[in-house]
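The structure appears below as structure tokens.
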Amino acid sequence: MVAVSGNTQYANQLDVTRNIRLLNLQLARQNQQLGSGRYADGLIGVSQRALELGQLKSELGTVNNYMSAVQTAQNRVNIYAITIEEIIDIATEAQDTMLKNRDAFFATTSAPRTQINTLLDRVGSLLQTKDGDRFLFGGTDYTVNPLNGQLSALPTTYAANAVPGAVGYPVPFAPAATSGTYPPAPHTAASFYLTTTGTLANTYNFNGITLYTDDNEQVTYGVSAAENGFQTLIDSMIRFRDATADIATNPANYQARVDNARTQLSTALTELKTIASRNGYKQQQLEEVMDRHNRSLDVLRTRIGRIENVDIAEVSVNIKNLQTSLEASYVITRDSLSLSLVNFLR
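Sequential numbering of the sequence shown, starting at 0, is according to numbering that gives the first Met the number 0.
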């Protein structure tokens, strides 16, 4: 009896058949890679670079998360920039209103108090700007409305015949300290324009919103309604509003008080531009962080692509070689099948 082993034609035919199956499998995978541009399923998992691929994809996800947070912060500082610019425009409009209404005779018919109250409420509305459920001008206490109602509803601060230049508060509307009981004397809750129901010290945290831009870097940003620029602006507008009590009874004092309010407003404009400049720096800083993360993404995607993506030219050559091998195997199979049984088993 003849054994089917060694180098008999039948044994060779079995080897050729197994080789054909393997070649077909390899050809199918190469065609899959050619169609998708990526390594076929299962090839990456057995690669020695599989661990590197996992680490790179993890880094990619981390960078994307940081970029999402930075984008949110960018949106907020952009809103700050637009809002501050609008407040500066209102301050300029208030300055024009004061100038036009400096003459007591003209002011008797132009309703300057109504005009300035309208501008006050526009400022107040902007200082209550929200991003989702966050009050952007609330400092670190951003869940609490930073303003104590409408600014036009603030009671008289500077009474009739008040001496021009007299300061109603140690710093316009600012408490004497940022901790303890608010508002301290001589303030009253009714006259204090900032909310006293929240944590006022947090409202005075002008630049205290912290953002992690990567594992080792933090950026702080934020603008608070408690900043001097806003306080000085509101104080100057209230000085003008309260001065209207002297229009009919003491026009000379009215003019002096208007001039004092305008001087205060000039200071406010300078302070507001300082706030805008600081926020602009944060815009630039966050933009640079975003650019850095975009460069990191490019590098990571390139490195991942080198592992996952196939070389199309190389795959095409492999397919050609596999097809040649398959054709040779089919020729061997054909020739083997044409042998007699005796020769086949020989």
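We put the beta carbon where it would ideally sit given N, CA and C, even for glycine.
Counting C-beta neighbours from all protein chains within 10 Å, is the total for residue i 16 or more, i.e. buried, or is it exposed?
i, result
"Gly137", "buried"
"Gly228", "buried"
"Phe191", "buried"
"Gly131", "exposed"
"Asn77", "exposed"
"Glu226", "buried"
"Asp234", "buried"
"Ala260", "buried"
"Leu119", "buried"
"Gly148", "exposed"
"Ile83", "buried"
"Ile142", "Reading the sequence as shown, one finds Thr at residue 142 and not Ile. Exposed."
"Gly221", "buried"
"Tyr280", "exposed"
"Arg348", "Within the shown structure, residues of the chain are numbered from 0 to 345, placing residue 348 beyond reach of any answer."
"Ser151", "buried"
Under 8 Å by Cβ, that's how I've got residue i and residue j pegged, so tell me the actual separation to the nearest angstrom.
i, j, result
"Gln263", "Arg238", "6 Å"
"Val257", "Arg101", "5 Å"
"Leu146", "Thr194", "6 Å"
"Leu299", "Glu58", "6 Å"
"Thr202", "Asp140", "5 Å"
Could you tell me the alpha carbon to alpha carbon distance between residue i and residue j, rounded to whole angstroms?
i, j, result
"Val162", "Thr209", "44 Å"
"Ser223", "Gly53", "43 Å"
"Asn204", "Ser109", "40 Å"
"Arg133", "Asn252", "43 Å"
"Ile274", "Ser295", "32 Å"
"Thr248", "Thr107", "11 Å"
"Leu232", "Leu285", "29 Å"
"Arg291", "Asp214", "14 Å"
"Pro154", "Arg240", "11 Å"
"Lys99", "Gln230", "23 Å"
"Leu199", "Glu270", "21 Å"
"Glu216", "Val69", "12 Å"
"Ile89", "Met66", "35 Å"
"Gln283", "Asp297", "21 Å"
"Ala244", "Pro250", "9 Å"
"Ile86", "Thr128", "12 Å"
"Asn144", "Glu51", "49 Å"
"Thr96", "Ala242", "13 Å"
"Gly207", "Ile246", "44 Å"
"Gln94", "Asn63", "46 Å"
"Thr219", "Gln114", "37 Å"
"Thr301", "Glu287", "21 Å"
Give the secondary structure of residue i by DSSP, where H, G and I count as helix, E and B as strand, and everything else as coil.
i, result
"Asp95", "helix"
"Ile246", "coil"
"Val218", "strand"
"Arg101", "coil"
"Asp140", "coil"
"Tyr211", "strand"
"Leu126", "coil"
"Phe239", "helix"
"Leu146", "strand"
"Leu135", "coil"
"Leu153", "coil"
"Tyr168", "A caution first: Tyr168 carries a pLDDT of 49, below 50, which makes its placement in the model unreliable, though a value can still be read off. It is coil, neither helix nor strand."
"Glu286", "helix"
"Asp310", "Bear in mind that a pLDDT of 48 at Asp310, under 50, signals an unreliable position, so the number given afterwards is only what the model happens to contain. If DSSP states are grouped into helix, strand and coil, Asp310 belongs with coil."
Using a threshold of 7 Å, is the CB atom of residue i nearer than that to any non-hydrogen atom of the ligand FMN?
i, result
"Gln127", "Absent from the structure shown: the ligand FMN. Ligands present: none."
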